[in-house]
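So the sequence lines, in the order shown, correspond to chains A and B. Everything in the first sequence is counted per the working numbering, starting at 418 for the first residue and increasing by one. Everything in the second sequence is counted per the working numbering, starting at 191 for the first residue and increasing by one. Here a beta-carbon is modelled for each residue, glycine too, at the ideal position from N, C-alpha and C. Beneath this line is the structure, given in structure tokens, with notes to follow.
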Amino acid sequence: MDTLRTLFHQIPSQEASYGLKGRILAAIATELEKRVKLERRAAYTGMLFSVAIASIASFGYGSEFIQSDFWSLTSLVLSDTSVLTGYWSSVAYSLLETFPVGAAIAFVLPVFLFLISLGTYSRFQQDADRYGRYRIGNGTSVTA
Amino acid sequence: MDDKELIEAHFQGDVQAFSLLLDRYLSPMYGFVFQMARDREMTDDIVQETCIKAWKHLSGFDLDKSFKTWIFTIAKRTALDYFKKKKAIPFSAFDDGDGGSIFEDVSDIREKPDEEFIQNESIEELDKALDLLPEGSKNILVLAYKEDLSLQEIAEVLGEPYNTVKSRHNRALRKLRNIMAPKNLTVS
Chain A
418 MDTLRTLFHQ IPSQEASYGL KGRILAAIAT ELEKRVKLER RAAYTGMLFS VAIASIASFG
478 YGSEFIQSDF WSLTSLVLSD TSVLTGYWSS VAYSLLETFP VGAAIAFVLP VFLFLISLGT
538 YSRFQQDADR YGRYRIGNGT SVTA
Chain B
191 MDDKELIEAH FQGDVQAFSL LLDRYLSPMY GFVFQMARDR EMTDDIVQET CIKAWKHLSG
251 FDLDKSFKTW IFTIAKRTAL DYFKKKKAIP FSAFDDGDGG SIFEDVSDIR EKPDEEFIQN
311 ESIEELDKAL DLLPEGSKNI LVLAYKEDLS LQEIAEVLGE PYNTVKSRHN RALRKLRNIM
371 APKNLTVS
């Protein structure tokens, strides 16, 4: 006496079309190729952009930063540490008051962007390596 | 290697791992989609799209859950989207066909019965009887008895509440029994 489950298991299954697995793996390789190209473009563009912003920031804010009260105070503290030990709280407040926010953002932004691009570049390298292995021979990656 | 180990190997860069997962689930998934599409070319397209989606979103898969349930869920959604785009099969084909609504109050709390059939050439007749069932009922029975999914897993695949699936499962069995009753089959 068979159970319903046994009967269902005996119903012939539709087998996948010949070559379907190969086509699927080839489609995945194509998706991976698109991803690799996008990541490479994003990584290089990001790095270039961050260098460009850093250059503009240096030219635009560089002299302003050097001539700012913040830099003068910082130079003073670095040249004479007794100022820091004697008047550390006043120095700290003054540094906070004179902190050049605009220049700081202008310099930090390209660094941040560069780090993100570096992360993207690392992912690009991993995916490019994986893509290479898919194309070389993943058993049935390209041929059925 | 089990599914979890294969997926972890895939994330570590093993290009064979996903291929091995395909070997394991391509046929059952193909059969499930074919039940809905009834056309080889359409099934090929849907299954291919399903596998690509699964590959793309594998990083979002919870390794503690069943990969089979997850990929069947993707297959079902991909099939529905495909049919809607192609307008190949009316959306109502996925209702249970007897006016049942997913919002109905379900009070049937019986566990999944393991029905027994006394059979004469019943496999062919069972196959034919399944074709006479509404699409939704057929899907539930195939997932439960051919793919060995639990009712909870079927509910996840179909995107319906557990109690609704349980009720529809029992109704589907009753319908199947009614269809097969004149053909020298009895349910014990």
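Whole-angstrom C-beta distance between residue j and residue i, which should lie under 8 Å
i	j	result
residue 205 (chain B)	residue 550 (chain A)	5 Å
residue 434 (chain A)	residue 230 (chain B)	6 Å
residue 495 (chain A)	residue 512 (chain A)	Between residue 512 (chain A) and residue 495 (chain A) the Cβ distance is about 12 Å, and since that is not below 8 Å, they are no contact.
residue 219 (chain B)	residue 262 (chain B)	6 Å
residue 467 (chain A)	residue 541 (chain A)	The pair is not a contact, with the Cβ atoms about 16 Å apart (cut-off 8 Å).
residue 257 (chain B)	residue 193 (chain B)	4 Å
Which listed residue (the options) has its alpha carbon closest to that of residue i
i	options	result
residue 244 (chain B)	B:218, B:228, B:211, B:192	B:211
residue 460 (chain A)	A:544, A:546, A:533	A:533
residue 234 (chain B)	A:498, A:420, A:431	A:431
residue 547 (chain A)	A:427, A:451, A:438	A:451
residue 538 (chain A)	A:497, A:427, A:463, A:441	A:463
residue 371 (chain B)	B:357, B:337, B:312, B:324	B:312
residue 273 (chain B)	B:213, B:254, B:224	B:224
residue 368 (chain B)	B:315, B:254, B:251, B:216	B:315
residue 422 (chain A)	B:351, B:350, B:353, B:336	B:336
Beta-carbon proximity list for residue i, same chain, < 8 Å, skipping 5 on both sides
i	result
residue 320 (chain B)	328, 331, 332, 366
residue 528 (chain A)	467, 471
residue 426 (chain A)	none
residue 236 (chain B)	223, 227, 265, 268, 269, 272
residue 477 (chain A)	523
Spatial neighbours of residue i in its chain, beta-carbon cut-off 7 Å, leaving aside the 5 residues before and after
i	result
residue 355 (chain B)	330, 341, 344, 345, 348
residue 516 (chain A)	487
residue 300 (chain B)	Legend: pLDDT at residue 300 (chain B) = 38, less than 50; position of this residue unreliable, no value from coordinates given.
Cβ-based neighbour list, residue i, same chain, cut-off 6 Å, excluding 5 preceding and 5 following
i	result
residue 199 (chain B)	207
residue 362 (chain B)	327, 330, 331
residue 429 (chain A)	none
residue 196 (chain B)	207, 210, 211
Heavy atom of the ligand MN within 6 Å of residue i beta-carbon
i	result
residue 194 (chain B)	In the structure on display, the ligand MN does not appear, and there are no ligands present to speak of.
**Q.** Contact list for the segment 230 to 253 of chain B against chain A, Cβ threshold 8 Å
**A.** 230, 233, 234, 237, 238, 241, 242, 245, 246
Q: Report yes or no: do the segment 470 to 477 of chain A and the segment 521 to 539 of chain A share at least 3 C-beta pairs separated by less than 8 Å?
A: yes
Q: Decide yes or no for the touch test of the segment 480 to 498 of chain A against the segment 506 to 520 of chain A: beta carbon pairs closer than 8 Å, at least 3 of them.
A: yes
Q. Taking any Cβ of chain A, which residues in the segment 336 to 361 of chain B have a Cβ under 7 Å from it, in chain order?
A. 336
Q. Would the segment 236 to 251 of chain B and the segment 444 to 460 of chain A be scored as touching if the rule is three or more Cβ pairs under 8 Å?
A. yes
Q | Members of the segment 431 to 455 of chain A near chain B, C-beta cut-off 7 Å | A | 431, 432, 433, 434, 437, 438, 440, 441, 442, 444, 445, 448
**Q.** Contact set between the segment 211 to 222 of chain B and chain A, restricted to residues whose Cβ is under 7 Å from the partner
**A.** 212, 216, 217, 220, 221
**Q.** Residues within the segment 492 to 509 of chain A neighbouring chain B, beta-carbon criterion of under 9 Å
**A.** none
Q | Where the segment 319 to 331 of chain B meets chain A: residues whose CB sits under 9 Å from a CB there | A | 320, 331
Q: Give the residues from the segment 538 to 552 of chain A that approach chain B closer than 8 Å (Cβ to any Cβ), ordered along the chain.
A: 543, 546, 547, 550, 551
Q. Taking any Cβ of chain A, which residues in the segment 251 to 274 of chain B have a Cβ under 7 Å from it, in chain order?
A. none
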